[in-house]
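In this note's numbering, the protein residues as written are 44 to 676.
Heads up, the beta-carbon is just placed ideally off N, CA and C, and yes, glycines get one too.
The model shown is predicted, which means the values in this text are computed figures rather than measured ones.
First the structure, in the form of structure tokens, and then the observations on it.
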Ligand code: COA
Ligand code: AMP
């Protein structure tokens, strides 16, 4: 069957399609049906099945006689180490940690925050939670204590599992002081913390609250897998929305298993025994779906990479790992390729390695610019496949499913919708746009298995954020179009979310931090186009009347505040003081116009602008920061 047949098979019988896909999962009790309509546009998948994620990702492969195969390969060019963990070892390690969590009172449904860098223990912690039905929430290491505190208060974890440190090139990330500070800031206090002590930094433990990873597990009885209902939350993953309060995406267990298993074979062409590598971070959705769960559910080998595409130690590190571990499908963000291309424009590093096993390169996380794709096609000689998805969906909305059929690649397009996704381009009134015309991208409900069930503790926000604008549809927050062949083109966000080096960030959250500076009366943060990172945040601040401080100094303080409160990952380094912000007569800040000026695009003067002269000041400020140079006179 080709792609069209598979997509049509889903369309004509979604229930049958997903029930068949569900057969690839080991159930404790098989579900009686796939879709459960809860009313009010709320849906669940395989809700009455009983199943365990860890069993499917680990134990079943050992039972099938594949215990001696490598499950996780850790590659850390930063610590110069390389280590493999077999499926049997993984099962024992996870069962031991799960047993210890259970002994300390962590039960099914309890939340556990995981704050760890790219080490196998991060995956073990996730799987240990899944083994006993605890709900994990992994927090990315590039976030500061305040962001961690916000998540602690939102999901009220019984325990936190952390590492003593993370390693960025040339810098140790001190996780433990950040953890202590976050617990101090949060109103909710976890009952205990488990700290994995890395040899690069041994953290000071707080007696009675903190346990060391090994001591915690000493002498405990390993835990068995606990079957949970299909609609039981597997995890909560926070992602940026329009405000400083992140959205807690809830992924339920059974849909997650079925969808990931389906995607591994059909999108990535990966089966048991194959080697798959997603060079992302466990703190992001890509890390959840395709570093941890997807490859392991499929029984493949996954690679946990602690390093960067360049500088650890060189721009050939990706290709070395692909060669040494005979990676079949590789997944990274376009920004990583741009960084490599800048360091190695002629692909000299690529030529040094044998990439015989590599069958395709997958890109996602941000728009893949055609010239980067062409560069990769030319130097790697394999299909370069852009695919589009979000934290909310957990797996590809649109892709080129090479496991079914390799469709022609169209540069600038992540190809076609996957089964389960009925993607429409709508105008403001919810009417479908003709092919080739730009509109809001929406997906007809129900969303497929594996997508978000709701937002943690925020069902109303879930409805308001995703379901209200276009009744009967999920609003993706992306704008784009479809061509005559049904290929999708994702052009921009329709909200204040920006994408910096493949990291999804909220300009609203940055504005909240800037607004809390005592000398700032008003502010706006926009995302401007950046050659390497895709977008970069730029802040504009207006000082309170009577403040006569040095502008550079106030900006420096603002940059520091964003780094301290959101984290280094915000990459907020560009800030300027302006007299006023451009606004409509009703007081709305004209952010989109500011972005156009920054990116050197032509724009129509907004009819409702209060004072057009302000735009000149914005342009000057942008030019001072190195942007907005190509503005037409
Ligand atoms: N823990 C702590 N700090 C982190 C971090 C982590 N896990 N990840 C990033 N940071 C820090 C970086 O050290 C940097 O700090 P600095 O301001 O002190 O230099 C800051 O956050 C910004 O990081 P980033 O935007 O990633 O820039 P970079 O210069 O370190 O690297 C790239 C640039 C392009 C090489 C890198 O962004 C990259 O590999 N991106 C791919 C992203 C990706 O895979 N995203 C997942 C979506 S699929
Ligand atoms: P995240 O939730 O961090 O995965 O970010 C999701 C957002 O990243 C999407 O809503 C898009 O705006 C953007 N994005 C992800 N993949 C792509 C892609 N292939 N092309 C264009 N934009 C993408």
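Between the region 560-572 and the region 631-647 there are three or more C-beta pairs closer than 8 Å, enough to call the two in contact. Checking the 7 Å criterion, the Cβ of residue 99 is out of range of every heavy atom belonging to ligand 2. In the structure shown, the three-state DSSP call for residue 208 is coil. A contact is defined here as three or more CB-CB pairs under 8 Å, and the region 298-307 fails this definition with respect to the region 234-251.
Pairing residue 590 with residue 666, the inter-Cα distance amounts to about 24 Å. Short of 8 Å from the beta carbon of residue 218, and not among the five residues preceding or following it, lie these beta carbons of its own chain, in chain order: 158, 159, 160, 184, 205, 206, 207, 208, 209 and 246. A heavy atom of ligand 1 is found nearer than 7 Å to the CB of residue 546.
In the three-state scheme derived from DSSP, where H, G and I count as helix and E and B as strand, residue 604 is classed as helix.
DSSP places residue 88 within a strand segment (E or B) once states are collapsed to three.
Excluding the 5 residues flanking it on each side, residue 608 has same chain C-beta neighbours closer than 7 Å at 187, 189 and 556, in chain order.
With a beta-carbon spacing of about 6 Å, residue 484 and residue 522 fall inside the 8 Å limit used to define contacts. Ligand 2 never approaches residue 499 closely enough for any of its heavy atoms to be under 7 Å from the residue's Cβ. Secondary structure note for residue 524: its beta strand (DSSP E) is the uninterrupted segment 516-525.
About 5 Å separates the CB atoms of residue 350 and residue 121; that is less than 8 Å, so the two are in contact.
By the neighbour-count criterion, in which a residue is buried when 16 or more other Cβ atoms sit within 10 angstroms of its Cβ, residue 559 is exposed. With respect to residue 433, residue 427 sits apart: the two C-beta atoms are not nearer than 8 Å. Cβ-Cβ separation between residue 182 and residue 326: approximately 6 Å, consistent with a contact (criterion under 8 Å). Using a cutoff of 7 Å, the CB of residue 351 counts as near ligand 1, since one of the ligand's heavy atoms is closer than that. Checking the 7 Å criterion, the Cβ of residue 328 is within range of a heavy atom belonging to ligand 2. The criterion of a C-beta distance shorter than 8 Å is satisfied by residue 272 and residue 93.
By the Cβ test, the region 170-178 is not in contact with the region 219-228, since fewer than three Cβ pairs between them sit closer than 8 Å. The beta strand (DSSP E) runs of length 3 or more contained entirely in the region 269-293 are, from start to end of the chain, 276-282.
Straight across, the Cα-Cα distance linking residue 623 with residue 588 is about 12 Å.
DSSP, reduced to helix, strand and coil, places residue 549 within a strand of the structure shown. Taking a 10 Å sphere around the C-beta of residue 621, we find 16 or more other C-beta atoms and assign the residue as buried. The three-state secondary structure of residue 185, taken from DSSP, is coil.
Where residue 582 is concerned, the enclosing beta strand (DSSP E) starts and stops at 577-586. With fewer than 16 other Cβ atoms inside 10 Å of its own Cβ, residue 66 counts as exposed.
Short note on residue 312: C-beta not closer than 7 Å to any heavy atom of ligand 2. Remark: the C-beta of residue 272 is outside contact range of ligand 2, defined as less than 7 Å to any heavy atom. Checking the 7 Å criterion, the Cβ of residue 242 is out of range of every heavy atom belonging to ligand 1. Close CB contacts of residue 139 within its chain, under the 6 Å cut and outside five residues either way in sequence, are with 260 and 265 (chain order).
Taking 8 Å as the cut-off, the Cβ atoms of residue 396 and residue 369 do not count as close.
Bridge pairing for residue 645: absent [DSSP].
Judged by DSSP in its simplified three-state form, residue 476 adopts coil rather than helix or strand. At a cut-off of 4 residues, the continuous stretches assigned as alpha helix (DSSP H) that sit fully inside the region 343-389 are 360-367 and 377-386.
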